[in-house]
Every structure is written in structure tokens, then in C-alpha cells.
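Notes to accompany the following structure.
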Amino acid sequence: MSPTLDQVLAFCADEPIERVFLEDIARRGLGRFSGLEHDGRLVSLCHVGANVVPSGVRCATFADATVRGQARMIIGEEQAVGELWGAASYRMPTPRDDRPGQPVYVLDEAPEPGETGLRPATLGDLERLVPACAAAHREEIGIDPLRRDPDGFRWRTRAQIEEGRSWIWLEDDVIRFKAEASAWTPSAVQLQQVWVDPAARRHGYAQRALRDLCRLLLERVPAVCLFVRPENGPALRLYDSIGMRRTITYRSLIF
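Here the numbering used here is used: the first residue of the sequence shown is 571, the next is one more, and so on.
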């Protein structure tokens, strides 16, 4: 079934951190959704696009739509992804990478100030941010987006700046910290691509700037969240150090 916006928002309200991406794209009218309902309420939901994002129970229901969609990634709560993949895997290519057990971190209390030069990015930062965001993407996903889709990637980086979803700390022409919001709802902001220029790493800049970014965002929403690969030790230590707590786990299948 194709759910209504009200149904999607009610479903997401039950788990606002896990479903922050689904709620964000629904509110912006960007999502293509399939749902499964019981007594008029959704019990599962799936966004089907370049990223397939399932949530809820009986997510094997969305296998046919996933196969037809030729997804670049299946990502979401670990059990939901597992159910979907169990039903769709024999009709899809072998994933280039399978990442189970990715902890989802949440922060709902403002940390101490970091006293950095963090600020919203502007279009004047675009030429610095395009290669920086591409480098972050390569480190995280293992794909160079400037080779796969340079125009699209540049457009998405520019759109994040224009939408107020990009932040940067720039000193002496070096990016000491940058991050973007991959989803933003009344309940939470989900961060992505937390990154420091390699020349500026191991100086504590990321911790200080992330504290400042979380303080800024927590003035506007109740929670800040993100997820991370479980083998990324420096990132885990960073998020633990500012008081973020681990909650559920995600799983990502990358094609």
C-alpha cells in the first residue's frame, strides 16, 4: 500500500530516532514509500529509492519493490534490514559491503562548550566542501562520488549549504571540522560525514567542534543522533567522549 503522510508521521513518531530519515523525507515530500498496515495504522514502512530504508515488522513484504528499485544501499534498523535482505538477496547482486552492528548514538543534553570557530557553511565554502565531502564519502563508503556522479554530488553539497544543513570550522585554510545533517525533524537532527582534514587530526578539534554543533542543534530540537561503523574506533571514542549514548543498531548493505 501507499501510505498517507499522516500515517507515515504517526509511524515515525513511535521511534523518532530510528525513523528520523523516513520522517524527514516524508515531510519534504521527497519519499517514495510502501507500507503495511493493521487496523488503519502502519506496522512497517519502507522508502524505496537509491537508498532503501525499511522499518518495523514483516519487512520481507518490501522485497519485490527493493529488487525492482536497483538500490545502491539498503540501510536501517538491523532486524528490519535483515528481514528484507533475507527475502530479496537471492534476486539481487552480492553486496560490495555488509555492515551489521552499527551503533546509533543519541545526545539530548547539551555538552560543555567547545569554544571553536564553528559556523554554518556558506556558498563561499562550496569549493572547499565539495572535495572535503567527497573525501569523507570515500572514507565512509569506499566510493569516490566525484567519479561516479560529479555533477550530482556537487549539487547535493550545494543544496545542503543552501538548506542550512552544513557546518564548518575553517582556520588557516584548513578544515578543522565539518559535518552535515542527513535528516532533520521536529524530534531530532541526524548528522553525517563528521570529518576533519587529515592535516588537522589528533588535536582534539573534532571533539570541541562537535560539542559546539550539538549545543547549537539542541537549542532547536530535543535530540542529535548519528550512526557509525563499529570498527571505527576513533569515531566511537569521539562520540562517547561528548556524552552521546548508544541505542539501537543499524545495518547497511552497499552495492
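Even for Gly, the Cβ is constructed at its ideal location relative to N, Cα and C.
- Annotation: residue 670 to residue 782 spans about 30 Å, alpha carbon to alpha carbon.
- Secondary structure of residue 684 (DSSP, three-state): coil.
- Where residue 581 is concerned, the enclosing alpha helix (DSSP H) starts and stops at 575-584.
- By the Cβ-count criterion, residue 583 is exposed, with fewer than 16 other Cβ atoms from all chains shown falling within 10 Å of its own Cβ.
- Of the other Cβ atoms in all chains shown, 16 or more fall within 10 Å of the Cβ of residue 820; this residue is therefore buried.
- For residue 634, there is no enclosing beta strand (DSSP E); the enclosing alpha helix (DSSP H) has its first and last residue at 633-639.
- For residue 765, the CB contacts under 6 Å within the same chain, skipping 5 residues up- and downstream, are 706, 748 in chain order.
- Beta-bridge partners assigned by DSSP to residue 622: 644.
- In chain order, 797, 798, 800, 816, 819 place their CB closer than 7 Å to the CB of residue 673, counting only its own chain and leaving out the 5 sequence neighbours on each side.
- Contact annotation, residue 620 with residue 642: C-beta distance approximately 5 Å; criterion of less than 8 Å satisfied.
- Here residue 705 carries a helix assignment [DSSP, helix/strand/coil].
- Only exposed fits residue 825, as fewer than 16 other CB atoms lie within 10 angstroms of its CB.
- With respect to the 8 Å criterion, residue 758 and residue 794 are classified as neighbours on the basis of their beta carbons.
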